[in-house]
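Asks: Residue numbers (full-length UniProt numbering): 1 to 276. Where is the CB? At the ideal position from N, CA and C, for every residue including glycine. A quick note: this is a predicted structure, and the numbers were derived from the prediction, not measured. The following block contains the structure, expressed as structure tokens.
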Ligand SMILES: C[S@@+](CC[C@H](N)C(=O)[O-])C[C@H]1O[C@@H](n2cnc3c(N)ncnc32)[C@H](O)[C@@H]1O
């Protein structure tokens with residue numbers, strides 16, 4: 001077990017080894033290099049495993065976080081809330097994103113579902129420059145409609161223009177982002193659409209392909225964030241594959257961790273993969 005020091009009084013235990021739709025919805029159906037139908041303002045050209053034999057304290061002044069100022073802002077409260085059962089893993093994920101994503105960044109929501117993660121991402125990248133983009137995707141029409149509706153209700157027209165929604169499998173995410181563009185965050189919220197058809201869910205095989213794509217696209221200092229649900233059929237197997245994917249990344253270039261409740265075996269697990 002390794003202990004990551006977050007602030008003078010709180011410690012996060014990190015186990016390193018175990019350690020047609022388009023027109024009325026502003027959606028994009030995926031075709032290779034899809035023409036954005038509603039993005040007239042789109043101008044972008046566009047492991048080594050640690051041996052878990054001792055407790056290691058990792059300073060929050062790690063050089064990999066140097067672009068953040070101040071480092072880990074806002075995370076203390078959320079992490080402490082999580083440790084005492086008052087905050088959800090999703091809230092921790094969003095708080096971590098805040099320390100990685102900057103205004104004007106390109107980010108990817110690989111499973112937009114009902115749009116809550118997409119909205120959280122938009123809040124991080126949107127500013128007057130309108131350079132930032134959220135590329136959000138889902139297999140399901142219902143999910144895209146739900147996301148679109150949430151965004152329309154929550155955002156100004158200018159902000160809404162910074163989100164592109166695609167009906168597609170996340171294995172193809174690289175086709176959305178111009179080659180060489182720096183992607184700061186790729187977020188996965190695995191499983192099925194809450195309130196939707198539970199048979200339509202993420203699957204290990206495609207999730208791993210999408211993770212490989214995310215790994216190729218990610219900028220230095222960027223983050224792949226995966227919330228894995230282990231309580232449904234196939235969920236635990238999928239999580240274990242994600243965990244293995246992260247555990248095998250070279251420690252020279254990647255910092256991989258997970259946040260898991262020990263006495264609630266069905267609670268979702270947050271896996272964070274940070275590129276140095
Ligand atoms: C747990 S939900 C996502 C929740 C969402 N992020 C939110 O904030 O509401 C998982 C979503 O993944 C979608 N999904 C499943 N397999 C997918 C795939 N291969 N590519 C893209 N989306 C997929 C499902 O349709 C479902 O809507």
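(1) For the stretch 200–215 against the stretch 79–97, do three or more pairs of beta-carbon atoms, one drawn from each stretch, fall closer than 8 Å, so that the two count as touching?
(2) In the DSSP assignment, what residue or residues form a beta bridge with residue 88?
(3) So, is residue 95 buried or exposed, given that buried needs 16 or more other C-beta atoms within 10 angstroms?
(4) For residue 155, name the three-state secondary structure that DSSP assigns.
(5) Residue 238: beta carbon under 8 Å from a heavy atom of ligand 1?
(6) Among residues of its own chain, excluding the 5 on either side of residue 102, which ones have a beta-carbon nearer than 6 Å to its beta-carbon?
(7) Determine which residues share a DSSP beta bridge with residue 269 and list them.
(8) Reducing DSSP to helix, strand and coil, say where residue 130 ends up.
(9) One question on the structure: do residue 227 and residue 188 come within less than 9 Å of each other, judged by their Cβ atoms?
(10) Which residues end up in the neighbourhood of ligand 1 when you take C-beta atoms closer than 5 Å to any of its heavy atoms?
(11) Assign residue 137 to one of three DSSP states: helix, strand, or coil.
(12) Enumerate in chain order the residues of its own chain whose CB-to-CB distance from residue 104 is below 8 Å, with the five nearest sequence positions on each side excluded.
(13) How should residue 261 be labelled, buried or exposed, when 16 other C-beta atoms within 10 angstroms of its C-beta is the threshold for buried?
(14) Quick one: grab the DSSP three-state call for residue 95.
(15) Report the rounded CA-to-CA distance for residue 136 versus residue 271, giving the unit in angstroms.
(16) In chain order, what residues of the same chain have a beta carbon less than 7 Å from the beta carbon of residue 246, not counting five sequence neighbours either side?
(17) Nearest to residue 107 by CA position, among 223, 153, 231, 232, is which residue?
(18) Taking just the CA atoms, how far does residue 172 sit from residue 148?
(19) By Cβ distance below 8 Å, which residues in the same chain neighbour residue 200 in space, the five residues on each side in sequence not counted?
(20) Pick helix, strand or coil for residue 203, following the three-state DSSP scheme.
(21) Cα separation between residue 40 and residue 145?
(22) Roughly how many angstroms separate the alpha carbons of residue 43 and residue 161, rounded to a whole number?
(23) Decide if residue 253 is buried, meaning its Cβ has at least 16 other Cβ atoms within 10 Å, or exposed.
(24) Going by other Cβ atoms of all chains shown within 10 Å of its Cβ, with 16 needed for buried, is residue 26 buried or exposed?
(25) Any idea if residue 164 is buried or exposed, counting beta-carbon neighbours within 10 angstroms, 16 or more meaning buried?
(26) Below 8 Å on the Cβ atoms is my contact criterion, and I expect residue 248 with residue 217 to pass it. Report the Cβ-Cβ distance as a whole number of Å.
Replies: In brief:
(1) No: the two stretches stay apart, fewer than three of their Cβ pairs being nearer than 8 Å.
(2) Beta-bridge partners assigned by DSSP to residue 88: none are found.
(3) Buried.
(4) Of the three classes helix, strand and coil, the one that applies to residue 155 here is coil, per DSSP.
(5) Because no heavy atom of ligand 1 lies under 8 Å away, the Cβ of residue 238 does not count as near it: no.
(6) Within the same chain, no residue comes within 6 Å of residue 102 by CB-CB distance, once the 5 residues on both sides are set aside.
(7) DSSP, once it has assigned bridges, lists 228 as partnering residue 269.
(8) Here residue 130 sits in coil by DSSP.
(9) Against a cut-off of 9 Å, the Cβ pair of residue 188 and residue 227 comes out as a contact.
(10) The set, ordered by position in the chain, is 111, 113, 114, 116, 117, 138, 139, 140, 143, 169, 170, 189, 191, 193, 202, 206.
(11) It is a strand residue.
(12) Cβ neighbours of residue 104 within its own chain (closer than 8 Å, five residues either side excluded): 125, 127, 129, 131, 132.
(13) Looking at its Cβ environment, which holds fewer than 16 other Cβ atoms inside 10 Å, residue 261 is exposed.
(14) Here residue 95 sits in helix by DSSP.
(15) When rounded, the separation of the alpha-carbon atoms in residue 136 and residue 271 is 20 Å.
(16) So the list reads 256, 271, 273, once near-sequence residues are dropped.
(17) Selected option, being the one with the closest Cα: 223.
(18) So the alpha carbons of these two residues sit roughly 21 Å apart.
(19) Around residue 200: 139, 140, 192, 193.
(20) Residue 203: coil per DSSP, three-state reduction.
(21) Residue confidence is low: residue 40 scores 25 on pLDDT, short of 50, so the model does not pin down where it sits. Its coordinate-derived value is still stated next. Approximately 21 Å, taken between the alpha carbons.
(22) Only weak support is given to the placement of residue 43: the predicted model assigns it a pLDDT of 27, under 50, and the value that follows is read from those uncertain coordinates. Straight-line Cα distance between these residues: approximately 11 Å.
(23) Of the other Cβ atoms in all chains shown, fewer than 16 fall within 10 Å of the Cβ of residue 253; this residue is therefore exposed.
(24) Summary for residue 26: the model assigns pLDDT 47, below 50, so the residue's position carries little reliability; its value from the coordinates is reported in the next sentence. With 16 or more other Cβ atoms within 10 Å, it is buried.
(25) Buried is the call here.
(26) In fact, because the Cβ distance is near 19 Å, the residues do not count as touching under 8 Å.
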